[in-house]
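Student: FYI, the numbering for the sequence shown is 1 to 166, going by the working numbering.
Beta carbons: idealized from backbone N, C-alpha and C, even for Gly.
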Amino acid sequence: MSFMVDDRSPFVEHGPVVPVVVARTATIAVGLTLLLGLILLPSIGDVLAEVSQGVTLGVLVLLTTGSRVAAGVFGARLLRRRYGTGGRGDAVPSVVLGAAVAFLAYLGLVLLSASAVGYEDSWWRLMVELPRWVVEVGLGALLVTPGPTEQYDPALRRFVGAGSAH
Numbered sequence: 001m002s003f004m005v006d007d008r009s010p011f012v013e014h015g016p017v018v019p020v021v022v023a024r025t026a027t028i029a030v031g032l033t034l035l036l037g038l039i040l041l042p043s044i045g046d047v048l049a050e051v052s053q054g055v056t057l058g059v060l061v062l063l064t065t066g067s068r069v070a071a072g073v074f075g076a077r078l079l080r081r082r083y084g085t086g087g088r089g090d091a092v093p094s095v096v097l098g099a100a101v102a103f104l105a106y107l108g109l110v111l112l113s114a115s116a117v118g119y120e121d122s123w124w125r126l127m128v129e130l131p132r133w134v135v136e137v138g139l140g141a142l143l144v145t146p147g148p149t150e151q152y153d154p155a156l157r158r159f160v161g162a163g164s165a166h
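1. Buried or exposed for S43, please, with buried defined as at least 16 other CB atoms from any protein chain shown within 10 angstroms of its CB.
2. Ordered along the chain, which non-local residues of its own chain (more than five positions away) have a Cβ less than 7 Å from that of T56?
3. Thinking just about the alpha-carbon of each residue, which of V21, A100, D90 is nearest to the one in V128?
4. Measure the C-alpha to C-alpha separation of W133 and A102 and round it to an integer number of angstroms.
5. How would you write the range of the alpha helix (DSSP H) that Q53 sits in, first residue to last?
6. Residues in the same chain with beta-carbon distance under 8 Å from L40, minus the five sequence neighbours each way, listed in chain order, please.
7. Since V96 and V137 should fall inside the 8 Å C-beta cutoff, what is the C-beta to C-beta distance between them, to a whole number of angstroms?
8. In whole angstroms, give me the CA-to-CA distance for L78 and L34.
9. Confirm, please, whether the CB-CB distance from P146 to R88 is below 8 Å.
10. How long is the line joining the alpha carbons of E150 and G58, rounded to whole angstroms?
11. Quick check on G118: does DSSP put it in helix, strand or coil?
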């Protein structure tokens, strides 16, 4: 089912990349990655120490992939909710750019924290993660079905908030 893009379409004003989607996707991707690395993984570290390295690697890949796919879904749903989308790929350029921005922010935080504790590691080793970030967030965007702009019931508008009601 194809939907017409309305006059408020971000593609008319911004082209294929919508800045608010880039920013929100990047924020969600970095936030979920930090949540995993700083809160969840330390809490399950004892359990992961008891299992084999293969199982530990599998759990880490599953958790990180899931968080990045979720960031892509959130970014694509934001675009669909605000402007409507005519195809699954409409949000991909914005969320993929958001993934790249998120990765650079994450890389900066990792390098800053590594230098603060005196850990000397080559930054280029982290660059193999960039394609994973981009692909996983992009796949999350492709999971969202296209649709028209979402309209809220005027009686519920006060619960939505002024920032997300437009």
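Tutor: Let me lay it out:
1. By 1-based counting over the sequence shown, the position of residue 43 is 43. Under this definition S43 is an exposed residue.
2. Residue 56 sits at position 56 when you count from the first residue of the sequence shown. Only L48 meet the Cβ criterion.
3. Translated into the one-based positions of the sequence shown, residue 128 becomes position 128. With distances taken between Cα atoms, V128 lies closest to A100.
4. What you label residue 133 is simply residue 133 of the sequence shown in a count that begins at 1. What you label residue 102 is simply residue 102 of the sequence shown in a count that begins at 1. Going from the Cα of W133 to the Cα of A102 covers about 8 Å.
5. Translated into the one-based positions of the sequence shown, residue 53 becomes position 53. That run of the alpha helix (DSSP H) goes 53–83.
6. Counting from 1 along the sequence shown, the entry for residue 40 is found at position 40. Excluding positions up to five away in sequence, the list reads L63.
7. As a first step, residue 96 must be located in the sequence shown, where it is residue number 96. As a first step, residue 137 must be located in the sequence shown, where it is residue number 137. Right, their Cβ atoms sit about 6 Å apart.
8. One-based indexing of the sequence shown puts residue 78 at position 78. One-based indexing of the sequence shown puts residue 34 at position 34. In a straight line, the C-alpha of L78 is about 22 Å away from that of L34.
9. Taking the first residue of the sequence shown as position 1, residue 88 is located at position 88. Taking the first residue of the sequence shown as position 1, residue 146 is located at position 146. A contact, by the Cβ cut-off of 8 Å.
10. Translated into positions along the sequence shown, residue 150 becomes position 150. Translated into positions along the sequence shown, residue 58 becomes position 58. Distance between the alpha carbons of E150 and G58 is about 37 Å.
11. Working through the sequence shown from its first residue, we reach residue 118 at position 118. The answer is coil: DSSP assigns G118 none of H, G, I, E or B.
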